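Residue numbers for the sequence shown follow my numbering, beginning at 88 and rising by one.
Backbone N, C-alpha and C define an ideal beta-carbon position, used for all residues, glycine too.
None of these values were measured; they are calculated from a predicted model.
As structure tokens, the structure follows; a few thoughts come after it.
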Amino acid sequence: MSNLDRQATLTVCGGRSDVAAGPVHELLAPRHVLLGESTHVRRLLPNLGRRMVGAWAFVDHYGRDDIADEPGMQVPPHPHMGLQTVSWLHEGEVLHRDSLGSLQTIRPRELGLMTSGRAISHSEESPRPHARYLHGAQLWVALPDTHRHIDPHFQHHSDLPVITAPGMTATLILGELDGAISPGTTYSPLVGADLALARGATTRLPLRPEFEYAVLSMSGEVHVDNVPVTAGSMLYLGCGRTELPLRADSEAGLMLLGGEPFEEELIMWWNFIGRTHDEIAQAREQWVSGDRFGAVHGYAGDRLSAPELPAARLKPRGRTR
Ligand code: MN
88 MSNLDRQATL TVCGGRSDVA AGPVHELLAP RHVLLGESTH VRRLLPNLGR RMVGAWAFVD
148 HYGRDDIADE PGMQVPPHPH MGLQTVSWLH EGEVLHRDSL GSLQTIRPRE LGLMTSGRAI
208 SHSEESPRPH ARYLHGAQLW VALPDTHRHI DPHFQHHSDL PVITAPGMTA TLILGELDGA
268 ISPGTTYSPL VGADLALARG ATTRLPLRPE FEYAVLSMSG EVHVDNVPVT AGSMLYLGCG
328 RTELPLRADS EAGLMLLGGE PFEEELIMWW NFIGRTHDEI AQAREQWVSG DRFGAVHGYA
388 GDRLSAPELP AARLKPRGRT R
């Protein structure tokens, strides 16, 4: 998935100053974004009041969509730098192609993890034929300065660790939870977990007080620390928690996102995460000239063209507005 916005706005984020040091409840409403010609997504991060949760810097939730008579997801080749992309599905499938030559179908509760390092390009599409329903999320993890220039790589993990408790099945996407560790490579302390709750389930998740957390409801009605969270919304929880009470009023599918507050200040623009205006401008030029991000083979269509940079110079600053 990509930021296809033709009027790409700059987002500055990172830095510790605005992290909620203690437990809070901040309900984040999604912003509706049209991705390409036919895919509607709900953007939870960056959000008006909150730009990051740990190193998680971008969260799009899409579906459940009936695409039986539609092309479904069609995201043309586009570049990334300074981040990892996480593809996570509850229904349907996404075909991933990248400039390393990877060609991988990603299915529900399998991890598609692409580490851009200094430069990669990829496309994502609904294969033909495809399942009737498409429901998933696309997330970005910011790479720390120590690793943002590494070689790009792609990982696919179809056998992720699962934790069960009465009424709950948790699948580790990234990081560690309750002793289970995801095989996905991470570059800063963080966690991503998929939580499937049965109707009526009540449970408590163990958390780390030094992490900040948020919970996204992908489907169902759930109470997170006694706060109702409807499908498509995300509750930011701050730091300082050792556990998280969950109660499902219906069958529910959640994502738990967390991590150590990301101290470095970032500039996010279009599909790039950098540290300076010049670095972002150079990446844009090198996507236009075609001499840095490689080529994606096999996608039926043109690659994405870069939007214009905003006139004002980009400067990093704090992590909430
Ligand atoms: Mn992408």
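Confirm the yes/no value for this check: CB of residue i, any heavy atom of the ligand MN, distance under 7 Å.
{"i": "THR126", "result": "no"}
{"i": "THR172", "result": "yes"}
{"i": "ASN134", "result": "no"}
{"i": "HIS148", "result": "no"}
{"i": "ASN313", "result": "no"}
{"i": "HIS165", "result": "yes"}
{"i": "HIS240", "result": "no"}
{"i": "HIS243", "result": "no"}
{"i": "HIS112", "result": "no"}
{"i": "HIS183", "result": "no"}
{"i": "HIS217", "result": "no"}
{"i": "HIS384", "result": "no"}
{"i": "HIS209", "result": "yes"}
Rounded to whole angstroms, how far is the Cβ of residue i from the Cβ of residue j, which I believe are closer than 8 Å?
{"i": "PHE349", "j": "ALA229", "result": "6 Å"}
{"i": "LEU132", "j": "ALA144", "result": "6 Å"}
{"i": "ARG118", "j": "ARG103", "result": "Actually they do not touch by this definition, with Cβ atoms about 25 Å apart."}
{"i": "VAL162", "j": "GLU211", "result": "4 Å"}
{"i": "PRO110", "j": "GLY327", "result": "5 Å"}
{"i": "GLU330", "j": "LEU303", "result": "Not a contact, Cβ separation roughly 19 Å."}
{"i": "ILE260", "j": "ASP246", "result": "ILE260 to ASP246, Cβ: 13 Å. No contact."}
{"i": "LEU190", "j": "ARG184", "result": "6 Å"}
{"i": "GLY141", "j": "GLU113", "result": "Not a contact, Cβ separation roughly 15 Å."}
{"i": "TRP227", "j": "LEU170", "result": "5 Å"}
{"i": "TYR220", "j": "GLY279", "result": "TYR220 to GLY279, Cβ: 23 Å. No contact."}
Starting from the Cα of residue i, find the closest Cα among the options and give me that residue.
{"i": "ASP238", "options": "LEU259, ILE250, MET255, ALA206", "result": "ALA206"}
{"i": "THR98", "options": "ILE360, GLN242, GLN373", "result": "ILE360"}
{"i": "GLY254", "options": "ARG235, ALA283, ARG400", "result": "ALA283"}
{"i": "ALA398", "options": "TRP356, VAL383, ASP389, SER376", "result": "TRP356"}
{"i": "ALA257", "options": "ALA285, LEU277, TYR274, THR233", "result": "ALA285"}
{"i": "GLY204", "options": "GLU299, ARG390, ASN358", "result": "ASN358"}
{"i": "GLU180", "options": "GLU372, GLY123, GLU395, MET160", "result": "MET160"}
{"i": "HIS209", "options": "THR272, SER186, ASP153, THR192", "result": "SER186"}
{"i": "ALA387", "options": "LEU182, MET168, HIS148, GLU178", "result": "LEU182"}
{"i": "LEU396", "options": "ALA368, ARG379, GLY377, GLN373", "result": "ALA368"}
{"i": "ASP105", "options": "ALA224, TYR323, HIS244", "result": "TYR323"}
{"i": "ALA335", "options": "ALA252, GLU308, THR273", "result": "GLU308"}
{"i": "HIS148", "options": "MET321, ILE154, ARG194", "result": "MET321"}
{"i": "THR289", "options": "GLY279, SER337, ILE268", "result": "SER337"}
{"i": "GLN242", "options": "GLY271, ARG235, ARG379", "result": "GLY271"}
Tell me whether residue i counts as near the ligand SAH, meaning its Cβ is closer than 7 Å to at least one heavy atom of that ligand.
{"i": "HIS222", "result": "No copy of the ligand SAH occurs in the structure displayed; its ligands are the ligand MN alone."}
### Message
Please give me, in chain order, every unbroken run of the beta strand (DSSP E) with length at least 3 that falls completely inside the region 131–204.
### Response
143–153, 161–167, 170–178, 181–185, 190–193, 198–202
### Query
Along the chain, which unbroken stretches of the beta strand (DSSP E) at least 3 residues long are found entirely within the region 301–380?
309–311, 314–316, 321–325, 330–335, 339–346, 352–356, 359–361
### Query
Hey, which unbroken runs of the beta strand (DSSP E) at 3 residues or more fall wholly within the region 235–273?
240–244, 249–252, 255–264
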